[in-house]
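Quick note on numbering: the sequence shown equals residues 716 to 951 in the numbering used here. Shown next, in structure tokens, is the structure this report addresses.
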Amino acid sequence: EMRTTTEGSEDLQECFECPSPSTYILRPNTDACQPCPPGLRCHGNARLDPVLQNSTWVKDAAIFRLQRCPKGYSVSPAEVSSSTAALQKCEPCGEGTECVLDECSVCTSCLAGTYKEVASDQACRKCPQNTYNPNTNSKSFTNCLACPSGAETGGKDGQISVNACQCEERFYVATSENLCQTCPKGAVCGNGECALRNIGFNCSDGKGSIVGDWVLNTMGEYELKNCSAGYEMMTT
């Protein structure tokens, strides 16, 4: 940088070498040496040498300004001035946030059905099968809630509602609390499926319907009320 002492005399002018690696300078005859931000490797001159590959920096008057970061990072600080230029860097997205674009400036909250426990450049992880998560910005696997007993998500992960949890074939839905209820022995089809979950109580194995009259009680559960001719009612 070009320096002149406070007296202003041309006899006291000199060229001062900007220290490397702590500073840089873009316009030697105009600017002062600028402190090197943590997102750059500086060489005392106008050489651009980003710490993080694929981060985008532009010249903005006397400073380098961080414009964009690669996938999984955000520009920090978000607003840059002469007082914050020395703080610029690409910051990994924090817990509960991500950026999945090829070029990023800000991180966004994890979507429902996902979570992220630590700051990193990785995307949010989907909640596993047989769980769901209705919330955004989830920071822990514990935000993935297990389906009710006997229910599953049909092999799908990243579910956002308990409605994605469906009773397994050996259960039926008790209407009182929308819970999976164990199928009575007399309503189990030959293939292990509960006929009470099907229209007409028919078995999907093609062997007809179950025997007897099954009705809902006040608890929303099925009970056997009558047996067909030639059958007796038994409770094991």
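Where a beta carbon is used, it is the ideal one built from N, C-alpha and C, also for glycine. As the structure is a prediction and not an experimental result, all values here were calculated from the model.
DSSP, reduced to helix, strand and coil, places ARG912 within a helical segment of the structure shown.
Rounded to whole angstroms, ALA777 and PHE731 show a C-alpha spacing of 16 Å.
With distances taken between CA atoms, ASP872 lies nearest to CYS842 out of SER855, GLN896 and CYS842. The continuous stretches of beta strand (DSSP E) do not include CYS814, and DSSP gives it neither H nor E. The alpha-carbon separation between PRO765 and CYS825 amounts to approximately 28 Å. Around the beta-carbon of THR812, 16 or more other beta-carbon atoms lie within 10 Å, marking it buried.
The beta carbons of ALA827 and ASN845 sit no closer together than 9 Å. In terms of Cβ geometry, CYS814 and GLY787 form a close pair [threshold 9 Å].
Excluding its 5 nearest sequence neighbours in each direction, CYS909 has C-beta neighbours in its own chain below 7 Å: GLU884, ARG885, PHE886, TYR887, CYS898, ALA902 and VAL903, listed in chain order. Within the model, the alpha-carbon separation for ASN769 versus CYS918 is close to 59 Å. The beta-bridge partner set that DSSP reports for GLN749 consists of TYR739. In chain order, GLY927 and ASP928 place their CB closer than 7 Å to the CB of ASN941, counting only its own chain and leaving out the 5 sequence neighbours on each side. Of the candidates ILE914, SER855, THR851 and HIS758, the residue whose Cα lies closest to the Cα of ILE875 is THR851. Under the three-state reduction of DSSP output, PHE856 falls in the helix class. Residue pairing by DSSP places ALA889 opposite LEU894 in a beta bridge.
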